[in-house]
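Visitor: In the numbering used here, the protein residues as written are 41 to 299.
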Amino acid sequence: MSVDFKSMFHAAAMLWAVAEDADEELGRGLADMLGALARFDYCVIFAYRGEARPIDLYSSFNRQDYHVFVRLYQEGPYLLDPFYRAATQPRPGVWRMRDLAPDRFFASEYYRTYYVETRLAEEIGFFIPVEEGATVVLSLMRAQATGPFRAADIDLLRKAEPLVAAMVKRVWRNLARRFALAAPSPQPASDAGSRPMLTEREKAIIELVLQGHSSESIGLTLGIATGTVKVHRRNIYRKLGIASQTQLMSHYLESLKSK
41 MSVDFKSMFH AAAMLWAVAE DADEELGRGL ADMLGALARF DYCVIFAYRG
91 EARPIDLYSS FNRQDYHVFV RLYQEGPYLL DPFYRAATQP RPGVWRMRDL
141 APDRFFASEY YRTYYVETRL AEEIGFFIPV EEGATVVLSL MRAQATGPFR
191 AADIDLLRKA EPLVAAMVKR VWRNLARRFA LAAPSPQPAS DAGSRPMLTE
241 REKAIIELVL QGHSSESIGL TLGIATGTVK VHRRNIYRKL GIASQTQLMS
291 HYLESLKSK
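#1: Roughly how many angstroms lie between the CA atoms of A244 and D44, to the nearest whole one?
#2: Helix, strand or coil for F219, going by three-state DSSP, please let me know.
#3: With respect to 7 Å, is the separation between the Cβ of L55 and the closest non-hydrogen atom of the ligand NAD below this value?
#4: The beta strand (DSSP E) with E162 in it runs from where to where?
#5: Alpha carbon to alpha carbon, how far is P122 from T266? Give it in angstroms, no decimals.
#6: Could you spell out the range, first to last residue, of the beta strand (DSSP E) harbouring T175?
#7: Consult DSSP for V43 and reduce its assignment to one of helix, strand or coil.
#8: Looking at the unbroken alpha helix (DSSP H) that takes in V271, where does it start and where does it end?
#9: Count the other C-beta atoms from every protein chain shown that fall within 10 angstroms of the C-beta of Q285, then say buried if there are 16 or more, exposed otherwise.
#10: Could you check where the alpha helix (DSSP H) with V58 kicks off and where it finishes?
#11: On the three-state DSSP scale, how would you describe Y88?
#12: Counting C-beta neighbours from all protein chains within 10 Å, is the total for Q251 16 or more, i.e. buried, or is it exposed?
#13: Quick one: what's got a C-beta closer than 6 Å to L293's C-beta in the same chain, skipping five residues either side?
#14: Cβ of F189 within 8 Å of Cβ of T158?
#15: Can you tell me whether M137 is buried or exposed, with buried defined as 16 or more other CB within 10 angstroms of its CB?
#16: Using a threshold of 8 Å, state whether the C-beta atoms of I282 and H272 are closer than that.
#17: Measure from the alpha carbon of P130 to the alpha carbon of each residue in G173, E91, N102 and A161, then state which is nearest.
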């Protein structure tokens, strides 16, 4: 598509009038401005801070899609999302999901049990650290029927990053306070009833497995041998009395509800 400069400049001009913490106005203005540069089907903006439940700042979904992309996501799957991981490191800039995803992301339980429900062809995020450990992520999504972003689209979006970051930092200044006022978020629990407790290393391996990391990738991430990772994985399955990643995912999500 060609760049709609008139719409882009109009949306950019309107952004300067947005008041602090005006979530809907800023979100819609940013979506309009970026939509003049590249076509996308959905826009969602989350604020992340540590393991806290993400704050939904803006989204363009209808009610049904909102349930999948926001409500279900906030219930716990966000902890396995590559975008969440990048936001909490943080990794500023514009990133494609494929650039951040683990080596076996498309075979992961996170992908099979949650991400596949989104029916997305591609997702691109603007990662903007703001204050006191919080990061705002503006995600642009293209549905499978639309297809992935073109290289030219991504180039244009990356050129817009300084303006997007400046507007986000100007308007969303009180996110630490908003996280403090939010309800406590679920935390992964590793044991239930009389089951033996898992070690911290085993808990970390569970999350990496569910994110889509292979044993080799987990070893590199944690600085241990691949063989050691495989031993830990066998011990986890034995302790939990399970035999598949599907059961592991079910256990993980249930453990979030128990907190």
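Positions of the beta carbon are idealized from the N, C-alpha and C atoms, including for glycine.
Guide: Answer, in terms of the structure:
#1: So the alpha carbons of these two residues sit roughly 46 Å apart.
#2: helix
#3: Absent from the structure shown: the ligand NAD. Ligands present: none.
#4: From DSSP, the beta strand (DSSP E) with E162 extends over L160 to P169.
#5: T266 and P122 have their C-alpha atoms roughly 22 Å apart.
#6: A174 to A183
#7: coil
#8: T266 to L280
#9: Buried, since its Cβ has 16 or more Cβ neighbours within 10 Å.
#10: Element bounds for V58: n/a, residue is neither H nor E.
#11: strand
#12: With 16 or more Cβ atoms within 10 Å of its Cβ, Q251 is classed as buried.
#13: G116
#14: no
#15: buried
#16: With contacts defined by Cβ atoms closer than 8 Å, I282 and H272 do not form a contacting pair.
#17: G173
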